[in-house]
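Protein chains in written order, with numbering that gives the first Met the number 0: chain A, 0 to 229; chain B, 0 to 229.
Protein chains: 2
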Amino acid sequence: MTQPATESTGFDTDPQTVGLYETIHKRRDVRAQFTGGPIDPDVLDRILKAAHAAPSVGLSQPWDFIVVRDLEIKESFYAHVQEERKAFSDSLSKPDAERFAGIKIDGVLDATLSIVVTYDPTRGSPNVLGRYSIADAGLYSVCLAIENLWLATTVEGMGMGWVSFYREQFLSKLLQIPETIRPVAWLCIGPVTHLETVPDLERHGWRERTPLNDVLHYETWGNRALHEKG
Amino acid sequence: MTQPATESTGFDTDPQTVGLYETIHKRRDVRAQFTGGPIDPDVLDRILKAAHAAPSVGLSQPWDFIVVRDLEIKESFYAHVQEERKAFSDSLSKPDAERFAGIKIDGVLDATLSIVVTYDPTRGSPNVLGRYSIADAGLYSVCLAIENLWLATTVEGMGMGWVSFYREQFLSKLLQIPETIRPVAWLCIGPVTHLETVPDLERHGWRERTPLNDVLHYETWGNRALHEKG
Chain A
0 MTQPATESTG
10 FDTDPQTVGL
20 YETIHKRRDV
30 RAQFTGGPID
40 PDVLDRILKA
50 AHAAPSVGLS
60 QPWDFIVVRD
70 LEIKESFYAH
80 VQEERKAFSD
90 SLSKPDAERF
100 AGIKIDGVLD
110 ATLSIVVTYD
120 PTRGSPNVLG
130 RYSIADAGLY
140 SVCLAIENLW
150 LATTVEGMGM
160 GWVSFYREQF
170 LSKLLQIPET
180 IRPVAWLCIG
190 PVTHLETVPD
200 LERHGWRERT
210 PLNDVLHYET
220 WGNRALHEKG
Chain B
0 MTQPATESTG
10 FDTDPQTVGL
20 YETIHKRRDV
30 RAQFTGGPID
40 PDVLDRILKA
50 AHAAPSVGLS
60 QPWDFIVVRD
70 LEIKESFYAH
80 VQEERKAFSD
90 SLSKPDAERF
100 AGIKIDGVLD
110 ATLSIVVTYD
120 PTRGSPNVLG
130 RYSIADAGLY
140 SVCLAIENLW
150 LATTVEGMGM
160 GWVSFYREQF
170 LSKLLQIPET
180 IRPVAWLCIG
190 PVTHLETVPD
200 LERHGWRERT
210 PLNDVLHYET
220 WGNRALHEKG
């Protein structure tokens, strides 16, 4: 992508554009940096509205948000996460398990609050426009809302961490989520001391980020021609 | 959420914060407003890098991006989308089918280019940290990248539309995507005449957006107490 620009993009001067990219690139999946400090109710309202403004298949808005502050609920969830952590650790080779032992995987007890995001496949049914051919399209919409929430949290100077060491059934029971609704994410949210500049897993030598060019194709899968020329 | 703010949030003055929220709220799922005008290669590079900077489970970055400009490919896909559109239409009641007839569902032939986003479940395997308990977590990551791409496209003054009237198998064959890779989205991208202020489906009376409070719960499912008090 080294071709010269054919027109001015305004990138260097427009603060909105610069701001969006800076927010996208500084966003981190936070585990260890939560302070537990207060969240302004207006801020909580803004980040939730940002999530709720996400695109959704057939305008179905199939998400719900459960704001969790209750310590007893958090402690139950935390205990379950530790069990799942152990199960994963037991599945690893010895060197991997040793590396994994040093990695913090959640901030459930440290973050100010958590937001559990769920998917309701019945919303807008039976005729969800655009979900006729692809059943998972509703689930995809929920994830778009989660990314909005993540970026809004980041731009507000807070951190967010997605915990995925849990069984959906456990979480449903804990929060009395009906059987027809699927929990998609437990998100820890709150003020942080700082955001790391390098993702935790890269800092711990678990895995490195790949360059964009490794995942770029042109016209059909595996065709790297334009990149190689460019 | 009408409690008074307990501290200044800087929301009114910080251009990055204002910019992110404005971008999130003005983003639309574009069908009819594409001009077909050129996309600066630097802009394309920036929006793809924004997508590639998304969070991913276990830092697996399980997405690929196929940039499609080829007219023959677009025409084949467009013809397939029309078939799927007809199948959906045939499944509707007569009044719904009549309303649906007036709704444009894709900009495949009008948009400057398309980006097909795929999911590779083998990336980072066998030990994707955080995908042990939830198999779909990798698929979720791909959607986070798509929302980054959507917001970047929007802040660059362009439009994006997610087409979901297709069969995954058809798209895989068309773009020679390997069997182990799952296509997740066909995204139309390019300059637009304008972004509508109200989503297409709402303007056409298909469905209305709900207020945030309809999807908010506190501590456990169905508990609206804090909202009702607030």
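Where is the CB? At the ideal position from N, CA and C, for every residue including glycine.
- A residue is called buried when at least 16 other Cβ atoms come within 10 angstroms of its Cβ; A/Glu-155 meets this threshold and is buried.
- Per DSSP, reduced to three states, the secondary structure at B/Val-67 is strand.
- In the three-state reduction of the DSSP assignment, A/Asp-95 falls in the helix class, which pools H, G and I.
- The beta carbon of B/Asp-95 sits closer than 8 angstroms to some beta carbon of chain A.
- Taking C-beta atoms as the reference points, B/Ala-86 and B/Ile-145 fail to come closer than 8 angstroms.
- Around the C-beta of B/Leu-215, 16 or more other C-beta atoms lie within 10 Å, and the residue is accordingly described as buried.
- Here B/Thr-209 is exposed: its Cβ has fewer than 16 other Cβ atoms, across all protein chains shown, within 10 Å.
- Cβ atoms of B/Gln-60 and B/Arg-122 come within 8 angstroms of each other, at about 7 angstroms.
- Collapsing the DSSP output to three states places A/Thr-121 in coil.
- For A/His-51, the enclosing alpha helix (DSSP H) covers residues 40–51.
- Rounded to whole angstroms, the separation of the alpha carbons of B/Leu-108 and A/Ala-78 is 52 angstroms.
- Distances from the alpha-carbon of B/Thr-111 to those of B/Thr-179, B/Leu-150 and B/Gly-36 put B/Gly-36 closest.
- Of the residues assessed, B/Pro-182 falls on the buried side of the cut-off, its CB having 16 or more other CB atoms within 10 angstroms.
- The three-state reading of DSSP puts B/Ile-72 in helix, counting H, G and I together.
- Contact of B/Tyr-77 with chain A is not assigned, every C-beta pair being separated by 8 angstroms or more.
- Interface with chain B (8 angstroms Cβ-Cβ cutoff): A/Gln-175 is included.
- Check the Cα spacing between B/Tyr-217 and each of A/Tyr-139, A/Arg-45, A/Ile-102 and A/Ile-65: the tightest is with A/Ile-65.
- Under the three-state reduction of DSSP, A/Thr-219 is assigned to strand.
- 8 angstroms or more divides the Cβ of B/Pro-190 from the Cβ of B/Asp-28.
- For A/Gly-189, the uninterrupted beta strand (DSSP E) segment begins and ends at 181–190.
- In this structure, B/Gln-15 places its C-beta atom within 8 angstroms of the C-beta atom of A/Pro-14.
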